[in-house]
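Number of protein chains: 2
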Amino acid sequence: MTQYVYRFGGGVSDGQAGDKNLLGGKGANLAEMATIGLPVPPGFTISTEMCAVYYAEGQTFPGSLREEAADGLAHIEGITGKTFGDAADPLLVSVRSGARVSMPGMMDTVLNLGLNDETVKGLAAISGDPRFAWDSYRRFIQMYSDVVLGLPHAAFEEALEIAKEDKGVHLDTELEADDWRRLTGRYQELVEEEWGRPFPQDVHEQLWGAIGAVFGSWHSERAKVYRRLNSIPGDWGTAVNVQAMVFGNMGETSATGVAFTRNPSTGERAYYGEYLINAQGEDVVAGIRTPQYLTRAAREAAGAKAASMEESMPEVFAELAGVFDLLERHYRDMQDIEFTVERGRLFMLQTRSGKRTAKAALRIAVEMAQDGLITEEEAVLRIDPQALDQLLHPTLDPKAERRVIAKGLPASPGAASGAAVFDADTAEKRAGLGERVILVRVETSPEDIHGMHAAQGILTARGGMTSHAAVVARGMGRPCVSGAGAVSIDCRARTMRVGSNEVKEGETITIDGSTGEVMLGAVPTVQPELVGDFGVLMVWADAKRRLGVRTNAETPLDCRTAREFGAEGIGLCRTEHMFFDAERITNVRQMILAGDEAGRRAALAKLLPAQRADFEEIFRIMAGLPVTIRLLDPPLHEFLPHSEEEFAEVAAAAGGDVETLRRRAAELHEFNPMLGHRGCRLGITYPEIYEMQARAIFEAAVTVAGEGGDAPIPEVMVPLVATSAELRIIRALIDRTAAAVFKERGASVEYLVGTMIELPRACLMAGSIAEEAEFFSFGTNDLTQTTLGVSRDDAGRFLTAYVEKGIFGRDPFVSIDEEGVGALISLAVERGRAAKPTLKLGICGEHGGDPASIAFCEATGLDYVSASPYRVPIARLAAAQAALRHRQAVEALGL
Amino acid sequence: MTQYVYRFGGGVSDGQAGDKNLLGGKGANLAEMATIGLPVPPGFTISTEMCAVYYAEGQTFPGSLREEAADGLAHIEGITGKTFGDAADPLLVSVRSGARVSMPGMMDTVLNLGLNDETVKGLAAISGDPRFAWDSYRRFIQMYSDVVLGLPHAAFEEALEIAKEDKGVHLDTELEADDWRRLTGRYQELVEEEWGRPFPQDVHEQLWGAIGAVFGSWHSERAKVYRRLNSIPGDWGTAVNVQAMVFGNMGETSATGVAFTRNPSTGERAYYGEYLINAQGEDVVAGIRTPQYLTRAAREAAGAKAASMEESMPEVFAELAGVFDLLERHYRDMQDIEFTVERGRLFMLQTRSGKRTAKAALRIAVEMAQDGLITEEEAVLRIDPQALDQLLHPTLDPKAERRVIAKGLPASPGAASGAAVFDADTAEKRAGLGERVILVRVETSPEDIHGMHAAQGILTARGGMTSHAAVVARGMGRPCVSGAGAVSIDCRARTMRVGSNEVKEGETITIDGSTGEVMLGAVPTVQPELVGDFGVLMVWADAKRRLGVRTNAETPLDCRTAREFGAEGIGLCRTEHMFFDAERITNVRQMILAGDEAGRRAALAKLLPAQRADFEEIFRIMAGLPVTIRLLDPPLHEFLPHSEEEFAEVAAAAGGDVETLRRRAAELHEFNPMLGHRGCRLGITYPEIYEMQARAIFEAAVTVAGEGGDAPIPEVMVPLVATSAELRIIRALIDRTAAAVFKERGASVEYLVGTMIELPRACLMAGSIAEEAEFFSFGTNDLTQTTLGVSRDDAGRFLTAYVEKGIFGRDPFVSIDEEGVGALISLAVERGRAAKPTLKLGICGEHGGDPASIAFCEATGLDYVSASPYRVPIARLAAAQAALRHRQAVEALGL
């Protein structure tokens, strides 16, 4: 029979750190900590496999689970010496979720389970603290009602407020045992009113209700959204951890805290965290009370007064520091830890790899490798390439004027400007219209995730460095300033106020997540310098990777940026973008409107010098590197005007009449332009266009080669080829033009002619097409559109539903659809190389900057990927990781 | 060294009938006739291989050819005893083209070559007929100037008219030797004026000029158009035949004629043809003089007076009749023959398989098989399936009133009505706008081909049954009435007049190509009865074929027609056509405009009864046969109105406001609807639509099954599937709906669920998709669009250029692109059958009615094809031929 329950604590560990898929991250690490002798309250984990069983069986549990769980409870009872439901000395437990990967705020937790009207008295007696006992009981009812019974929590909060008002006090801490007892009674009434039944007094009923609620929360809307945003499969499921309670709220010698073994924001080697005396764990994370620092150094740096743990509990702190060091050496990574001190005794409740900013990840990986704790390869594999995005974007210009109106915590690095908005829905809506927004909230909750995702940055008035806002923003790579207490937010009036400064919704503010500053207006930004840890890691990565990394660029600025980011050439230079230039579009339109070849040639002759100048500039920037230039691709109607006014303007400028122009535009209209008269089809029907472009390329190349620097290496790329005949015809035109230019100029350059493989037919015919080509570049945008029969521009209406229903694992325009599109690419690679072993193979669709797709390119044996300039470093790192993983996989197969 | 020249005649035959690819049809058959002892004037053939060499070498001839040709000339001189260029007894030759297949009117011919100012005198002396000699010389100059030198022929005709006027005569025959001599001098002046050089007197220069002109004409525009219309590859090339002249114009004992061994219009077993006394062959074909009948019976049947050949030349006719019988037995097919009688002596100039109407082809094939001359299999293989189209269209209703205004020859069977137009360009233009037109011409020439193709039928005032108009119209399957002499045509005024009846351009006329009648107005038509020879051949064909043949139909009329034509079920019933019905479109639009599922369900409930009634009717017509119903496929915006007025109408009818409607329409707009929110994507996002359709199908099926006849066999087809998950989700919906209906009605029917395979990804994933499907139907229209990346609606701008440049052998929307689309289909068949051996496989794109594509389906092992109702018999025959040829091919491989 399948085992579903795994025990830990008291010298027993049924699981270990490697069992994450089975036990979830939390459960596996609790077992591991127990194994290495750390003080873990005893408990047991119900495996993730039960999650699927639970749903398969109509949200019920098999009988065998109840038996196993009873054994698990007996295990806890044996170690703690307490008995579950015992009125004299009751065992209390926590019930928590724990999936394979951390999903902050997504899953629900119940604490203090096991309290009822009888056991609460026992707890009061045993603890000698009736106030603690009744406070725990009322917390349990409140949490259980919310999470398990699904009752609205406002009524409970209102009852608490009334209790404080009745007594004339402001803080929870001012309430006494009797107050809590009365409130508990009131809570029980509320449950009966709302639920229609009394609060469950049977502790086993409590336990199974809580376990069911954890499994139930796996399919909550919040969890689904988080999984979709983070590409977590829905069938992984969650585990449930049932563990003996320890109490950080048993007075002044008790405390609870969360900590990182290094600074997760900067990567600095310093204990980093927060704690609260006389509190339960949820109090820290929820950001309701502002917590205190762990170390004296941190407290002093922040100028805070409340004593650090190092100062207030020096002995326990020393023990904790030892645990930190042990855990980091044991796990060989920075750890994110939860602990509780119960009456001076330290308990470890959780450890896991800590989330960190990209900057911190780089520093930690580089330092650990330099210290010999991990290898350089491991360091390279530790960094999420996507996360580098955080470092590759502009930061505030240090010379720019800043009208700082407030300062909060530097919760997630980077700077952002945008219109202030005060709720997640508005953030999503305005961002959907293309506006840059900053989401401003008192504090954030899981319900705000879609708004955080849509926003450029997040600002909160409350909460620490480990608050929901901070953790989620770091994960998403959004700048975040948290806990800016001076900011007063009026959600109804849709304004925020700091002293005399008022910001209305829609007014621009700027936040700097690296300093915590909040500024009025938009502040200019500067490019990051990619040195230090970043530079070191990139050197290691470049040494490991096999794939070349080029860029998709056509403006001088983009070309320069990409070269600085390490691009080894241009993989896609789109010539049509150059045609839209205001000074040229008239000639372009004249060419399109010409009634015959002579008319087109006249207009093209006027375009030639400008196009040649474009290429000269690009060749100079990319001196010595290959530059793949794609000949004109879009259908000609894309260049024609749309509005009446524009028609008149163009008619005047092009010397034609509006009627002719409009008629020609109507003639050029297409029902499905994506599948229309474009790509090499233009070159076949209007060879003079490609002839002009080829001439511009070769004239520019000869000129730049003659200037004495490294010669340019033009690679002329023919788009949308479906047959070898198309390429043969156009290739002949290009070669003829090159020969003519070289003869005229008395000088020549090396060049290649190749094609974009972006149609299923081209993949199938790759063998014969390769005979005409020196290179293939996979245009995976269009190849995805045609293979799947999905127009990217129109897919919005159903693609989200497709990803949600699991029809597509991920958006196929973001990550290559390996089964379909990938299979065609593999076929094309195989057939192309068989026909021409020297064939150069690359990818220039937007997938070229996507790490998962890069791994596919590595496995498929392409020669290079090409990505947008800001994604070049991401591609370099992803390529290195792909090479390392591919080698590992090959070695694992014993090849 | 490659042999390029092949001799024939005088007991020598370097070639034979099987050498058509090398020698062209004419050359191969001349060699064959010489071999079997028929009187063929001696000559030689320059092979088709030289055509390619000629173009490859910049339109020049290799030296070796000149040597071989000299040997060929010596061969002719040896047999005839005449010498080429000899002033005393000159050898004259004809130079003619001859490709693999006959291309009537496409290629050029030169007669009487070898005449010059000296040899003409020798010819006059030897023949004793100076008039004949000078007439021959002037004909030669005229023909050579036109064909070889490319001079305008109007000036020559004008000079001839002036000569007749000067002499005061009307007919050529009234001119005498001196008149022709003087005209020859005038012709030579014209040549020098236009060409700038004197007419070539060197007979070898004449010969090579003519040979070059034949090869040159292969790439004339006319030839290209003909090849494109008839799918003849441009690289086949033509051969050139050089042959001793024999003369039908040497007086009253000479004649020339063309004949068929059976009637090519009806297939009747009777010699059929025309001849002219004292004429050259071109005079018959050109339709300038109205020729006489061959047989007495034919003359009498036509009520003609001029003596038949049987009557005027009984001995030669008897010899000719013997040749006819010999040739038919030898070639085992009806022959199309050219002959000349020179002073009582018969010469055979050509034989070839005769073109015939579909009706004649059927009768000839069936009769020859019944006579044991060919096998039933050969009979089945003899009929061009495309040609059946002629028989499958309506003919004039015999009961309808006809206002017959003229009668011509029944040149190509079938009836047609349309607007009279008087030139080919107008015909093409008006037809392009969707109008049905009848092209009316005095006579047609190769320049008219595009207009003949565009027209519904052709009417000419001059020309016989073998005139250009008649031959081409029969080839194209267009009805044609030729030689309607009472019709007077004024091309300038754009009218035709018959007695007092005037028809202006654009007025409707009707022609009946089976009777030769020309009628005013449109005459109603009736369906053909498919019995007699057609029925016999179809029985033979059905016995040979393996592929099933279904139809694409959704209206009761189409379903009935298809079943009468032998359809074995419906392969594609498009449900969206039913949605456009005027009474339903409002509910459809209401459904689309609904803001939520409840609104959609309300509108769908109103559509259900109508949809159910559709299916009941179809199930009754197709009782006992499978009916494949495709669930809704097009994007919803196709159902929305376009004009302002319609918007207002719909808003009023649907109870919404115009603004909402317009906004929703704008929301639904797609950039590439072909790749948009359609097909099963609708079923995934709006399951209620497919649920309604499934309910309508099953309710209708249960009802019809309960009526006591054969039960319907619904096959529910899910369109545009790209992943197995889509099909799994929708299949579950269909099965659930079926189960619900069967339970409600207490009765069930057998049904299948399958999918259309119309995306490249679906072909690649056919293995996993097959696990969810009971059948695949290849939707080759969309599969071609996506595999090639070509929108059929937009392809017009480049597809013609692509076919002309040979990039595509044939329009891939007409005949399956076997290399690309075909490869994907093969892959899908293989993977689908591997996953599910019982998988039913069919095709329902328009390729299902194309014989070449049907051959592909046979070879690929599909189970059935599905074609439009009128193409069902074509598909049955094509399937039989494909099976026979496939078996032959397999046997040839010794498998």
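Those protein sequences? They're chains A and B, same order as listed.
First residue of the first sequence: 1353, per the working numbering; consecutive thereafter.
First residue of the second sequence: 1353, per the working numbering; consecutive thereafter.
For every residue, glycine included, the Cβ atom is placed at its ideal position computed from N, Cα and C.
query: Tell me the residue span of the beta strand (DSSP E) that contains Ile1757/A.; result: 1756–1759
query: Are the C-beta of Gly2184/B and some C-beta of chain A separated by less than 8 Å?; result: no
query: Here's the rule: buried if 16 or more other CB atoms are within 10 angstroms of the residue's CB, otherwise exposed. What is Asp1518/A?; result: exposed
query: Reducing DSSP to helix, strand and coil, say where Leu2248/A ends up.; result: Nothing about residue 2248/A can be read from this structure; chain A reaches only from 1353 to 2247.
query: Output the boundary residues of the alpha helix (DSSP H) element that contains Tyr1496/B.; result: 1482–1499
query: I want to verify the contact list: residues of chain B whose CB lies under 7 Å from the CB of Thr1605/A, in sequence order.; result: Correct list: empty, because the minimum Cβ distance to chain B is about 57 Å.
query: Under 8 Å Cβ-Cβ, which residues of chain B neighbour Ala2074/A?; result: Leu2140, Gly2141, Val2142, Gly2172
query: Chain B partners of Thr2037/A, CB-CB under 8 Å?; result: Arg2149, Phe2150, Ala2153
query: From what residue to what residue does the beta strand (DSSP E) around Arg1849/B run?; result: 1847–1850
query: State the CB to CB distance for the pair Gln1738/B and Pro2225/B, rounded to an integer number of angstroms; the pair is presumed to be in contact (CB under 8 Å).; result: With 8 Å as the limit, Gln1738/B and Pro2225/B do not qualify as a contact, their Cβ atoms being about 11 Å apart.
query: Specify the secondary structure class of Lys1576/B as computed by DSSP and reduced to three states.; result: helix
query: Of all the residues that make up the segment 2006–2030 of chain A, which are near chain B by a beta-carbon distance shorter than 8 Å?; result: Glu2022, Phe2023, Asn2024, Pro2025, Met2026, Leu2027, Gly2028, His2029
query: Excluding five sequence neighbours on each side, which residues of the same chain lie with their C-beta closer than 7 Å to the C-beta of Leu1740/A?; result: Ala1710, Pro2225, Ile2226, Leu2229
query: The beta strand (DSSP E) spanning Ile1629/B covers which residue range?; result: 1624–1629
query: Determine the closest residue to Leu2262/B out of Ser1454/B, Leu1909/B, His2021/B, with distance taken between C-alpha atoms.; result: A query on residue 2262/B cannot be resolved here, the shown segment of chain B reaching from 1353 to 2247 and no further.
query: For the ligand GDP, I want to know if Ser1852/B counts as a neighbour, meaning its beta carbon is within less than 7 Å of at least one of the ligand's heavy atoms.; result: Looking for the ligand GDP in the displayed structure turns up nothing, as the structure carries no ligands at all.
query: Which of the three DSSP states, helix, strand or coil, is assigned to Gln1687/B?; result: strand
query: Restricting to Cα atoms, I'd like to know which of Ala1506/A, Glu1470/A, Trp1486/A is closest to Gln1553/A.; result: Glu1470/A
query: What are the residues of the segment 2052–2078 of chain B that lie near chain A, defined by any Cβ-Cβ distance shorter than 8 Å?; result: Leu2072, Ala2074, Thr2075, Ala2077, Glu2078
query: In this structure, does DSSP put Glu1920/A in helix, strand or coil?; result: coil
query: Short of 8 Å in beta carbon distance, which residues of its chain neighbour Arg1681/B, apart from the five on each side in sequence? Order them along the chain.; result: Leu1725
query: Per DSSP, which one or two residues make a beta bridge with Phe1396/B?; result: Arg1359/B, Val1594/B
query: Between the C-alpha atoms of Ala1562/B and Gly1568/B, what's the straight-line distance to the nearest angstrom?; result: 10 Å
query: Considering only residues of the segment 2108–2156 of chain B, which uninterrupted alpha helix (DSSP H) runs meet the minimum length of 4 residues and lie entirely inside it, listed in chain order?; result: 2112–2116, 2118–2122, 2132–2140, 2148–2156
query: Counting only Cβ pairs nearer than 8 Å, list the residues of chain B close to Arg2157/A.; result: It is Lys, not Arg, that sits at residue 2157/A in the sequence shown. Result: Ile2036, Ala2077, Ile2081.
query: Please classify Lys1856/A as buried or exposed, where buried requires at least 16 other C-beta atoms within 10 Å of its C-beta.; result: exposed
query: Roughly how many angstroms lie between the CA atoms of Thr1727/B and Gln2233/B, to the nearest whole one?; result: 13 Å
query: If Val1870/A and Gly1760/A are in contact, beta carbons under 8 Å, what's the gap, nearest whole angstrom?; result: 7 Å
query: Restricting to Cα atoms, I'd like to know which of Val1878/B, Ala1919/B, Leu1701/B is closest to Pro2221/B.; result: Ala1919/B
query: Return yes when the Cβ of Ile1478/B is within less than 8 Å of the Cβ of Arg1614/B, no when it is not.; result: no
query: Just how far apart, CA to CA, sit Arg1788/B and Asn2024/A?; result: 29 Å
query: Within the continuous beta strand (DSSP E) that includes Asn1464/A, where are the two ends?; result: 1462–1465
query: In chain order, what residues of the same chain lie with their CB nearer than 7 Å to the CB of Leu1443/B, ignoring the 5 residues before and after it?; result: Ile1428, Glu1429, Thr1432, Lys1434, Thr1435, Phe1436, Gly1466, Ala1596
query: By the 10 Å Cβ neighbour count, where 16 or more other Cβ atoms means buried, how is Ile1514/B classified, buried or exposed?; result: exposed
query: Using the Cβ count rule (16 or more neighbours within 10 Å means buried), how would you classify Met1353/B?; result: exposed
query: Using the C-alpha atoms, what's the distance from Glu1573/B back to Ala1506/B?; result: 21 Å
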